[in-house]
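Colleague: If you scroll down you'll find the structure; I have some questions about it.
2 protein chains.
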Amino acid sequence: MSSTDKITVVEVGPRDGFQPIGPFIPTETKIALIEELYKAGIRRMEATAFVSAKAVPQMADAVDILTACNRFGDLDVQVLVPSARYADQALAAGAMHLSFVLSVSEKHNMNNVRRTTADSLAEFAQTAKALPSDTKIRLNLATSFDCPFDGAVSPQRVLEVVEGLAAASANAEIALCDTTGRTTPDAVSYLCREVLTRFPGRNWAFHGHDTYGLGAANVLAAIDAGFTVVDASFGGLGGCPFAPGATGNVATEDVVWTLHKMGIDTGISLEALLDASVQAAALPGASAGGRVRAALRGAQPCAGMEVA
Amino acid sequence: MSSTDKITVVEVGPRDGFQPIGPFIPTETKIALIEELYKAGIRRMEATAFVSAKAVPQMADAVDILTACNRFGDLDVQVLVPSARYADQALAAGAMHLSFVLSVSEKHNMNNVRRTTADSLAEFAQTAKALPSDTKIRLNLATSFDCPFDGAVSPQRVLEVVEGLAAASANAEIALCDTTGRTTPDAVSYLCREVLTRFPGRNWAFHGHDTYGLGAANVLAAIDAGFTVVDASFGGLGGCPFAPGATGNVATEDVVWTLHKMGIDTGISLEALLDASVQAAALPGASAGGRVRAALRGAQPCAGMEVA
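Sequences listed follow chains A and B, in order.
Going by our numbering, the letters in the first sequence line up with residues 75 to 382, in that order.
Going by our numbering, the letters in the second sequence line up with residues 75 to 382, in that order.
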């Protein structure tokens with residue numbers, strides 16, 4: 075299915091997964107979980123966000139989390155920033171890898187970061203240009219397939235936005251994000267193949283949600299198309315802000331279990347990851363998702379069902 | 075992705091989904107749910123099982139269920155039978171479509187139907203041979219990919235068993251069943267393509283579970299390979315007898331939502347199906363699964379998350 079034998083799984087739980095959790099997770103708990111993820115073999119993580127602490131109180135300890143993460147020498151620590159101002163704050167706090175976020179959909183961008191997409195793109199260009207040479211940048215391209223307000227997003231519109239992003243930064247990795255979980259493998263396959271063909275040499279990532287049960291299917295479609303970097307959240311943490319009660323990000327343990335079963339290496343220990351995922355899913359206020367945790371840690375096997 | 079524009083979804087909830095539920099579901103409740111499924115557009119259903127009422131008390135009302143189902147003139151009603159004796163009982167009760175079950179894996183067959191696979195195959199041959207000309211037969215080939223006791227099942231072994239089945243009946247549809255939910259899309263794709271190539275003219279179906287989050291991914295892999303008949307269970311009912319707490323059959327609403335989103339017709343109304351699925355998931359003792367129900371019926375949309 076895949077032409078690659080190694081996939082980089084970016085653990086986004088400490089940012090995307092923790093962010094919607096209401097009760098503040100003590101900073102030391104976050105750091106302990108991040109350490110467990112590191113010990114499980116995670117070497118790339120979106121660890122926190124530099125955002126309005128008033129709008130997202132859960133991310134108020136971004137400086138402490140970043141400082142703690144930077145102690146792991148070989149952990150590639152991304153921090154999310156929604157604007158040039160917050161990018162400056164993150165860099166001042168020691169960030170070596172920024173995740174700038176903007177949305178293809180105007181309505182979602184306005185709702186999420188209170189700017190037009192064009193304004194966000196200009197801020198991204200400014201941030202990328204001013205970036206120290208030893209600092210990396212990724213662009214999280216939200217609503218690359220579907221918008222919670224406007225529905226399906228046309229691939230043509232995505233490609234136009236990508237064109238602008240590519241011009242703004244020669245090196246930025248671009249993550250195509252299925253914000254709503256409503257895309258399907260055929261659409262993922264099409265868009266991933268298009269960007270790989272049209273923008274050779276660029277680094278890409280796929281960020282998917284499992285809201286409609288297609289989390290793993292969409293990740294596999296991206297990998298099958300040639301992507302080698304995929305986001306996931308331990309415990310399936312994340313929820314879906316537009317459908318309370320529904321699950322969110324594709325679970326890291328589901329992705330790792332699937333890839334290993336298909337003979338694709340991730341460098342991650344599933345058992346150690348599950349230890350961390352079980353704790354994450356049990357965090358007060360957490361909206362957990364994924365299947366593999368329940369299948370492997372839910373209960374003990376019992377006898378078969380005799381039908382004859 | 076698919077070369078077809080119409081897929082037949084076989085609703086197996088009333089058999090595979092109800093079977094593991096402990097508290098007896100009143101027969102009138104079962105019939106009411108079956109009627110809702112019919113009204114939603116389901117035209118093929120595994121409605122009940124003729125099995126030991128002592129081993130599976132939930133199926134004790136098989137005759138009544140079959141009689142009720144036969145009132146829907148254009149509903150293709152499969153009933154599961156594990157042996158020639160139960161096949162005779164089902165035919166005597168008016169069954170027009172039998173689902174004979176046997177397992178590729180010896181251990182699973184012994185555990186499930188207390189016979190060797192060879193003995194089950196002989197009983198299938200006997201049943202198929204004696205079948206009235208207007209009666210259809212399907213073979214549910216359990217553990218076609220993976221066995222709860224022995225792990226991965228080799229495609230070579232499956233193809234050998236299929237060879238015997240094909241010889242035993244020229245017309246039987248064969249359903250490749252991923253009993254444990256542990257197979258992956260690459261393996262599904264391989265085996266589906268192999269059987270289509272090696273046994274031209276034969277009818278096939280794919281029966282998958284969502285225990286590890288690959289329910290939809292595996293269904294899509296089968297369809298992509300050329301299969302046009304797939305099983306699913308409304309509400310994701312089914313559980314997994316080998317991993318209590320884990321979910322079971324892929325949910326019909328997840329499959330239907332996905333296929334419609336990909337432009338593939340099923341003849342099923344998603345909204346009417348969801349009405350039935352919500353009730354099924356709420357049955358006392360039910361182990362429900364799937365994602366789409368929660369995403370579309372779980373709660374009302376709320377505002378976006380502002381990060382800036």
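Just so you know, even glycine gets a beta-carbon here, dropped at the ideal spot from N, CA and C.
In this text the structure is predicted, and so the values were computed from the model without any measurement.
#1: Quick one: is residue 132(B) buried, meaning 16 or more other Cβ sit within 10 Å of its Cβ, or exposed?
#2: According to a CB-to-CB cut-off of less than 7 Å, which residues of the region 333-357 of chain A neighbour chain B?
#3: Keeping to the same chain, check which residues put their C-beta closer than 6 Å to that of residue 162(A); ignore five residues upstream and five downstream.
#4: Using the beta-carbon of each residue, which ones in chain A are nearer than 9 Å to residue 286(B)?
#5: Who are residue 292(B)'s beta bridge partners in DSSP?
#6: Can a CB atom of chain B be found closer than 8 Å to the CB of residue 302(A)?
#7: Any C-beta of chain A sitting closer than 8 Å to the C-beta of residue 209(B)?
#8: The beta strand (DSSP E) with residue 128(B) in it runs from where to where?
#9: With DSSP as the reference, identify every bridge partner of residue 152(B), one or two as the case may be.
#10: Would residue 182(A) pass as a contact of residue 222(A) if the rule is Cβ separation under 8 Å?
#11: What's the C-alpha gap between residue 332(B) and residue 309(B)?
#12: By how many angstroms is the C-alpha of residue 94(A) removed from the C-alpha of residue 276(B)?
#13: Pull up the CB-CB distance for residue 384(B) and residue 170(B), whole angstroms please, since I reckon it's below 8 Å.
#14: Find the residues of chain B that neighbour residue 195(A), judging by a C-beta separation of less than 8 Å, and give them in chain order.
#15: Give me the Cα-Cα distance between residue 197(B) and residue 143(B), rounded to the nearest whole angstrom.
#16: Spatial neighbours of residue 379(A) within its chain, please: C-beta separation below 7 Å, excluding the five flanking residues on both sides.
#17: Locate the alpha helix (DSSP H) running through residue 263(A), then write down its first and last residues.
#18: Decide if residue 312(B) is buried, meaning its Cβ has at least 16 other Cβ atoms within 10 Å, or exposed.
#19: I'd like to know whether the C-beta atoms of residue 372(A) and residue 321(A) end up nearer to each other than 8 Å.
#20: Do residue 294(B) and residue 229(A) have their CB atoms nearer than 8 Å?
#21: State the beta-bridge partners of residue 66(A) as determined by DSSP.
#22: Taking the C-alpha atoms as reference points, what is the distance between residue 189(B) and residue 227(B)?
#23: With DSSP run on the structure shown, which of helix, strand or coil describes residue 311(B)?
#24: Less than 8 Å between CB atoms is the rule here; does residue 259(A) satisfy it with respect to chain B?
#25: Do residue 342(B) and residue 116(B) have their C-beta atoms within less than 8 Å of each other?
#26: Assuming residue 176(A) and residue 195(A) form a contact by the criterion Cβ under 8 Å, report the distance between their Cβ atoms to the nearest whole angstrom.
#27: By the 10 Å Cβ neighbour count, where 16 or more other Cβ atoms means buried, how is residue 272(B) classified, buried or exposed?
#28: Would you grab the beta carbon distance between residue 287(A) and residue 118(B) for me? Rounded to a whole angstrom, and I think it's under 8 Å.
#29: Smallest Cα separation from residue 220(B): which of 211(B), 231(B), 356(B), 90(B)?
#30: Look at the Cβ atom of residue 462(B), then the Cβ atom of residue 350(B), and state whether they are nearer than 8 Å.
#31: Cutting at 7 Å between CB atoms, please list the residues of its own chain near residue 261(B), excluding the five before and the five after it.
#32: Alpha helix (DSSP H) containing residue 103(A): first to last residue?
#33: Give the interface partners of residue 213(A) over in chain B, defined as CB-CB distance under 7 Å, in chain order.
#34: What's the call for residue 186(A), buried or exposed, on a 16-neighbour Cβ count within 10 Å?
#35: Could you tell me which of 297(A), 217(A), 301(A) sits nearest to residue 179(A), measuring between CA atoms?
#36: If you compare alpha carbons, which of 240(B), 237(B), 253(B), 264(B) is closest to residue 224(B)?
Modeller: From the atom records:
#1: Here residue 132(B) is taken as the residue at index 58 of the second sequence, counted from 1. Buried is the call here.
#2: 335, 336
#3: Working through the first sequence from its first residue, we reach residue 162(A) at position 88. So the list is empty, once near-sequence residues are dropped.
#4: The count along the second sequence starts at 1 and reaches residue 286(B) at position 212. Residues of chain A passing the Cβ test: 290, 328, 331, 332, 335, 365, 366, 369, 370.
#5: Position 218 of the second sequence, counted from the start, is the residue given in the question as residue 292(B). Answer by DSSP bridge pairing: none, since residue 292(B) is not bridged.
#6: Taking the first sequence and counting its residues from 1, the one referred to as residue 302(A) is at position 228. It does not: the Cβ of residue 302(A) has no partner Cβ on chain B nearer than 8 Å.
#7: To locate residue 209(B), count along the second sequence from 1; it is residue 135. For residue 209(B), the answer is no, since every Cβ of chain A falls outside 8 Å of its Cβ.
#8: Here residue 128(B) refers to the residue found at position 54 when the second sequence is read from its first residue. Taken as a continuous stretch (DSSP letters only), residue 128(B) belongs to no beta strand (DSSP E), as it is neither H nor E.
#9: Along the second sequence, read from residue 1 onward, the residue named residue 152(B) stands at position 78. Answer by DSSP bridge pairing, in chain order: 120(B).
#10: Within the first sequence, numbered from 1, the residue matching residue 182(A) stands at position 108. Within the first sequence, numbered from 1, the residue matching residue 222(A) stands at position 148. Closer than 8 Å, so yes.
#11: Position 258 of the second sequence, counting from 1, holds the residue named residue 332(B). Position 235 of the second sequence, counting from 1, holds the residue named residue 309(B). In a straight line, the C-alpha of residue 332(B) is about 15 Å away from that of residue 309(B).
#12: As a position in the second sequence, residue 276(B) is number 202, starting the count at 1. As a position in the first sequence, residue 94(A) is number 20, starting the count at 1. Between residue 276(B) and residue 94(A), the C-alpha separation is close to 50 Å.
#13: Because chain B spans 75 through 382 in this model, residue 384(B) falls outside it and cannot be assessed.
#14: Numbered from 1 along the first sequence, position 121 holds the residue referred to as residue 195(A). None at all; the shortest Cβ gap to chain B is about 15 Å.
#15: For this step, residue 197(B) is matched to residue 123 along the second sequence. For this step, residue 143(B) is matched to residue 69 along the second sequence. When rounded, the distance between both Cα atoms is 26 Å.
#16: As a position in the first sequence, residue 379(A) is number 305, starting the count at 1. At residue 379(A), the pLDDT of 39 sits below 50, so the modelled position is not reliable; the number obtained from the coordinates is stated separately. Here the set comprises nothing.
#17: Walking along the first sequence from the start, residue 263(A) turns up at place 189. Looking at the DSSP string, the run of the alpha helix (DSSP H) that includes residue 263(A) is 259-272.
#18: Counting from 1 along the second sequence, the entry for residue 312(B) is found at position 238. Buried is the call here.
#19: Looking up residue 372(A) in the first sequence gives position 298. Looking up residue 321(A) in the first sequence gives position 247. Result no, Cβ atoms of residue 372(A) and residue 321(A) do not sit closer than 8 Å.
#20: One-based indexing of the second sequence puts residue 294(B) at position 220. One-based indexing of the first sequence puts residue 229(A) at position 155. No.
#21: In the structure as shown, chain A begins at 75 and stops at 382. Residue 66(A) is therefore absent and cannot be evaluated.
#22: For the purposes of this step, residue 189(B) is identified with residue 115 of the second sequence, where counting begins at 1. For the purposes of this step, residue 227(B) is identified with residue 153 of the second sequence, where counting begins at 1. Roughly 18 Å separates the two Cα atoms.
#23: Here residue 311(B) is taken as the residue at index 237 of the second sequence, counted from 1. If DSSP states are grouped into helix, strand and coil, residue 311(B) belongs with coil.
#24: Taking the first residue of the first sequence as 1, we reach residue 259(A) at position 185. It does; some Cβ of chain B falls within 8 Å.
#25: Numbered from its first residue, the second sequence carries residue 342(B) at position 268. Numbered from its first residue, the second sequence carries residue 116(B) at position 42. Result yes, Cβ atoms of residue 342(B) and residue 116(B) sit closer than 8 Å.
#26: Walking along the first sequence from the start, residue 176(A) turns up at place 102. Walking along the first sequence from the start, residue 195(A) turns up at place 121. Residue 176(A) to residue 195(A), Cβ: 6 Å. Contact.
#27: On the second sequence, residue 272(B) is found 198 positions in, with the first residue counted as 1. Exposed, since its Cβ has fewer than 16 Cβ neighbours within 10 Å.
#28: The sequence position of residue 287(A) within the first sequence is 213, counting from 1. The sequence position of residue 118(B) within the second sequence is 44, counting from 1. That pair is no contact at about 22 Å.
#29: Start at 1 with the first residue of the second sequence, and residue 220(B) comes out as number 146. Ranking the options by Cα distance to residue 220(B), first place goes to 231(B).
#30: Here chain B comprises residues numbered 75 to 382, so residue 462(B) is not present and cannot be evaluated.
#31: By one-based count along the second sequence, residue 261(B) stands at place 187. Taken in chain order, the residues that qualify are 219.
#32: Here residue 103(A) refers to the residue found at position 29 when the first sequence is read from its first residue. 101-113 is the extent of the alpha helix (DSSP H) around residue 103(A).
#33: Start at 1 with the first residue of the first sequence, and residue 213(A) comes out as number 139. By Cβ distance, chain B contributes nothing, its closest Cβ being about 15 Å from residue 213(A), past 7 Å.
#34: Along the first sequence, read from residue 1 onward, the residue named residue 186(A) stands at position 112. Burial call: buried.
#35: Stepping through the first sequence from its first residue, residue 179(A) is reached at position 105. Considering only alpha carbons, the answer is 217(A).
#36: Against the second sequence, residue 224(B) aligns to sequence position 150. With distances taken between Cα atoms, residue 224(B) lies closest to 253(B).
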